[in-house]
Amino acid sequence: MKKYLMWILLATLGAGVSAGTTSCNDTNDPVTSLPGGGTGSGDSGADTPSAARYVIAAQVDGTSYLLTAESLDEGRVTTRGEGTEVVGGTYWVFHGTDYLFALVYNNGGAGTGASYYLNGSGVPTEKYTYEYNRITTYGTWGDRVITVSTGDSKQADADGNLAQALLFNYLDATTGAQSSGSVLAENFVGNGEKVSFAGIVEANDRLYTSVVPMGMSKYGVKQWPDRVTDPELVAQADGGSNSSSYVAGEVPSTQYPDEAWVAIYTGDRFDEEPVIAHTDRIGYACGRMRSQYYQTIWAADNGDLYVFSPGYGRTAASSADLKKVTGTLPSGVVRIRAGETQFDPDYYVNLEAIGTRKPIFRCWHISEDYFLLQLYKDGAEGMIRDGKDADVSELAIFKGEEQSIVPVTGLPDDLAGFGGAPYGEEGAVYMAVTVTGGAKPAFYRIDARTGVAARGLEVDAESVSAVGRLAIRR
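Each residue of the sequence shown is one higher than the last, beginning at 3 in the working numbering.
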């Protein structure tokens, strides 16, 4: 049913996503569950939290609004006379139950954003505004929302080739202060390749991020020529387009599509030297749509980190002008036990050999060790390649310890797409769903154990891009 095709991917990207918060709470739980379900870090001001409400980011006629609701299971909310107009965030990040951040992508340029809270009357209210470098991934780290991207550093070789760097922004949720930093992205895991990060997870008093290999820059090829595994992989002329463009003298695609790395930090900034966990049982761990990398690493409630890979290495295809290394590994999941710094040698699941037998596009933690999977409906052959259409309209539930997959049932037959990231609580996950024919978006409650979905709150808007829960500040 190709009517979904790239529309779903673009709708998912354009609608934005919300990031989960994972931190210790007063009961010493290792992690917190899905977006908006976190405990938050408190506010340095005099306000104290009382009741909480669901907060929904929705769009009408190109304008973004924040709506509040008492329940996601029933009823109807509308932007007409009830919504608070806000910054049109590309990404939405719930910082516990204290703040909602709207982060604007700005087509790869400098980003802007704002944070919001619920005032004493339960009305979404702007707290701080921010400006920062462009974003490729984001998350929370203590009192801060952090953004990460890869770009030029100030370090160059004798030929003027600039080294690539990981660029960080730290946006303080409680004071509005912000700072930035950078580290070299070149040879980050010792194989000569530049890297990007995909996904930020706080758990076990550590921060985890997936390290995604991106080939070798001209700087890298000059600096570590012995890391070029095949001279034919080096581009002889400029080529590609948009996010897939490359220049002569670099290795445009990774030479290691069937390997995955996770960087583990114990401090509070990326300046420290991380511990690198490595495995060759899965490919690199991230969802992808053009230049955007989606988070596919999540912590279960007991602190175990589950690392999912769609298996995108299989989509790298050589051409007459450029040779690429094509991967072979299917969509799979491995894990790092709570408190450990290396992958569990006894845990691996081939996601294409169980349940629905489909590769994943994206995934999210729900609660306990349940995860919601968004799948490529047409299987591995339907995976995105170079921006072509893909149908990602199928959902399933994965249970980590049992290594089982249950398909999601009960979604509408005229499904057109999903609205951003879901929100999970009490053994269920809420996903915004749009349908064809002009009907309004609605949240569907999906039971984590059975996969059965039921229609809930309707949103009188054109699209929904985020949902979570915020405390009212008295």
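Ideal Cβ positions, reconstructed from N, Cα and C, are used throughout, including at glycine.
Taking P304 and Y221 to be in contact with their CB atoms under 8 Å, please state how far apart those CB atoms are, rounded to whole angstroms.
One detail in the question is off: residue 304 reads as Asn in this sequence, not Pro. 42 Å between Cβ atoms; not a contact.
Apart from the five residues on each side of it in sequence, which residues of its chain come closer than 8 Å, Cβ to Cβ, to T343?
I266, V277, A279
Nearest-angstrom Cα distance between P424 and A434?
7 Å
From G384, V454, F373, residue whose alpha carbon lies closest to that of L413
V454
With a threshold of 16 other CB atoms inside 10 Å of the CB of R451, please say whether the residue is buried or exposed.
exposed
Cut-off 7 Å between Cβ atoms - residues of its own chain near A48, not counting five sequence neighbours on either side:
Low per-residue confidence applies at A48: pLDDT is 39, beneath 50, and the placement is therefore not dependable, though the value from the model is reported in the following sentence. For A48, where only same-chain residues beyond five positions count, there are no Cβ hits under 7 Å.
Could you tell me the distance, in whole angstroms, from the CA atom of E252 to the CA atom of T231?
13 Å
Considering Cα atoms alone, identify which of A158, E404, G313, A104 is closest to E370.
E404
So which of V431, K442, Q180, A319 has the shortest CA-CA distance to V79?
K442
So does the stretch 166-179 actually touch the stretch 203-212, counting three or more Cβ pairs closer than 8 Å?
no
May I have the straight-line CA-CA distance separating Y134 from L105, to the nearest angstrom?
10 Å
Whole angstroms is fine: what's the gap from S155's alpha carbon to F363's?
31 Å
Status (buried if at least 16 other CB within 10 Å, exposed otherwise) for S184:
buried
Using DSSP with H/G/I as helix, E/B as strand and the rest coil, what is D228?
helix
Would the stretch 135-150 and the stretch 62-75 be scored as touching if the rule is three or more Cβ pairs under 8 Å?
no
Spell out whether any CB of chain B is found under 9 Å from the CB atom of F199.
Here there is only one protein chain, and chain B is not present.
Based on Cα-Cα distance, which residue from S243, S245, M216 lies nearest to L235?
M216
My guess is that Y93 and A116 are in contact by the Cβ rule of under 8 Å, so how many angstroms apart are they, rounded?
Actually they do not touch by this definition, with Cβ atoms about 12 Å apart.
Cα-Cα, which of S395, I474, K196, K401 is closest to Y378?
S395
Note the first and the last residue of the continuous beta strand (DSSP E) segment covering Q157.
146-158
Give me the Cα-Cα distance between T317 and G90, rounded to the nearest whole angstrom.
33 Å
For I58, the nearest candidate out of Y118, Y107, G113, T114 (CA to CA):
Y118
Of the residues Y258, T127, E128, the one placed nearest G285, counting alpha carbons only
Y258
Pairwise C-alpha distance: Q157 and V461:
50 Å
Please say whether P227 and L1 have beta carbons closer to each other than 9 Å?
Outside the shown range of the chain, which is 3 to 476, sits residue 1, and nothing can be said about it.
Would you identify the three-state DSSP class for K220, choosing helix, strand or coil?
helix
Evaluate V197 with the Cβ neighbour count: other Cβ atoms within 10 Å of its Cβ, from every protein chain shown; 16 or more gives buried, anything less gives exposed.
buried
Less than 8 Å between the CB atoms is what I'm expecting for G194 and R146, so what's the real figure, rounded?
About 32 Å separates the two Cβ atoms, so there is no contact after all.
Contacting residues, own chain, Cβ-Cβ under 7 Å from V223 (five flanking each side not counted)
V230, V236, G251, E252, V253
Could you tell me which uninterrupted alpha helix (DSSP H) segments, each at least 4 residues in length, are contained entirely in the stretch 253-284, listed from first to last along the chain?
none
For a test of the three-state rule: what should DSSP assign to G480, helix, strand or coil?
Residue numbering for the chain in the displayed model covers 3 to 476; residue 480 lies beyond these limits and cannot be assessed.
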